[in-house]
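The block underneath contains the structure these notes are about, expressed in structure tokens.
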Amino acid sequence: MSGPRRERGVALVTALLIVALATVTAVSFAMQQQFDIRRTGNLIDGAQAWEYAKGGEEWAKLILRRDRRPDIDALVEAWAQPLPPIDLPGGHMVGRITDAQARFNINNLAQQGNPAGGAGNGAQLQFRRLLVTLGLDPRLMWPIIDWMDQDINPVNPAGAEDDFYSGLDHPYRTANQPMTSISELRLVMGFNAKVYQRLQPFISALPASTLINVNTAPPEVMMTLAPGMDPKTAVALVKYRQENPFTTAEDFINAVQTVAGITLPTGSDTSLGVTTQFFEVRIETSIGHGRAELNSLLVRESDEIRVLRRTQGF
């Protein structure tokens, strides 16, 4: 091939290569642009879903403010009914309010004292019964107390303090304070995923010592309120309160005597309540490709409803 012809061939190949590179670059830019547009759209959808979820939180506050009988909180009231699915522009929203005091407040274990060994105080006795009711080892109570108390000495031989956790492959220390979330239990000795999942539906972590609301507690929690209370009795009490919500702790104690012939120990009324101060709100929204989940802890103080904690999920 002569020199000029060879040069023309090289120039043609070079031109084709440039065109190919330009085409690939253009396609890459176009694809990246489409990806950016989709990503931006998803971010916008997610942001809108989150704002709608916060609107659902305001709905919960409004419902609680309108509670006509704040001296009694029962499952027959408006706040306890799920929010019907609401159609939104490009999506929908669902939500519900639950009574955080229908469950055992894990922080009661720390806030009501922790004697060194022995059977324990009222809150500890209730929690031991809950563990037994759920088929769990009652000795699991002691590591929880050690996790929250402020000393470095195990409260019981079955407990665990810093010396245990510092010996783990990934060491850490005890919190030495009440729990801010029940998920903190996953850090406590003995609370593997199976144990945690079994216990989680029946406990809460509230910032103050609380009473158990006997108008909303599930049968598993009702069974912790008196020694010898079996599932049949607990279910009977749940059915009884559907038509006759308890108006006082004494009302509940009398019902236990009437329904089951069980006399609650003296002083039991100090751990029982018929009203609630802390509520949990769960709102789920879907807008386009965006999803948002809002979980809030609300506190009711007179006519004021405040958000104490808010967690976000997608």
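Count the sequence shown with this note's numbering and you get residues -18 to 295, in order. All C-beta atoms, glycine included, are put in the ideal place defined by N, C-alpha and C. Treat the numbers as computed from the prediction; the structure is a model and nothing was measured.
Buried/exposed call for residue i, threshold 16 Cβ in 10 Å
i	result
Leu309	Limits of the chain in this structure are -18 at one end and 295 at the other, which puts residue 309 out of reach.
Lys213	exposed
Tyr33	buried
Asp211	exposed
Gly37	buried
Thr197	buried
Asn86	buried
Ile(-1)	exposed
Gly296	This structure leaves residue 296 out entirely; the chain is present only between -18 and 295.
Thr114	buried
Asp118	exposed
Gln131	exposed
Cα-Cα separation, residue i to residue j
i	j	result
Gly171	Ser162	17 Å
Asp80	Ile125	23 Å
Leu206	Thr191	14 Å
Asp68	Trp40	15 Å
Gly204	Pro188	In the sequence on display, residue 204 carries Met and not Gly. Going from the Cα of Met204 to the Cα of Pro188 covers about 24 Å.
Leu278	Leu43	15 Å
Asp143	Asn134	9 Å
Arg46	Pro138	47 Å
Pro200	Phe233	14 Å
Pro51	Val195	15 Å
Glu58	Arg110	29 Å
Arg222	Asp150	50 Å
Arg154	Ser147	7 Å
Gly116	Arg179	9 Å
Asn157	Gln181	21 Å
Arg272	Lys175	28 Å
Ile25	Thr229	49 Å
Gln82	Val136	27 Å
Pro96	Ile243	Because Pro96 carries a pLDDT of 47, less than 50, the predicted location of this residue cannot be relied on, and no value is offered for it.
Ile78	Val255	17 Å
Whole-angstrom C-beta distance between residue j and residue i, which should lie under 8 Å
i	j	result
Ile184	Leu253	Actually they do not touch by this definition, with Cβ atoms about 17 Å apart.
Tyr177	Leu168	That belief does not hold up - the Cβ atoms of Tyr177 and Leu168 are roughly 10 Å apart, past 8 Å.
Thr160	Asn88	Here residue 160 turns out to be Met, not Thr, going by the sequence shown. With a Cβ gap of about 6 Å, Met160 and Asn88 count as contacting.
Leu64	Gly76	4 Å
Gln105	Met122	6 Å
Those residues which DSSP pairs with residue i across a bridge
i	result
Gln293	Leu275
Gly76	Leu64 and Ile264
Pro285	According to the sequence provided, residue 285 is Glu. The question's Pro does not apply to it. Per DSSP, Glu282.
Ser185	Asn86
Gly254	Asn194
Leu112	None; Leu112 has no bridge partner.
At least three beta-carbon pairs within less than 8 Å, the region 259 to 272 to the region 69 to 89: yes
Three or more C-beta pairs below 8 Å linking the region 255 to 263 and the region 279 to 286: yes
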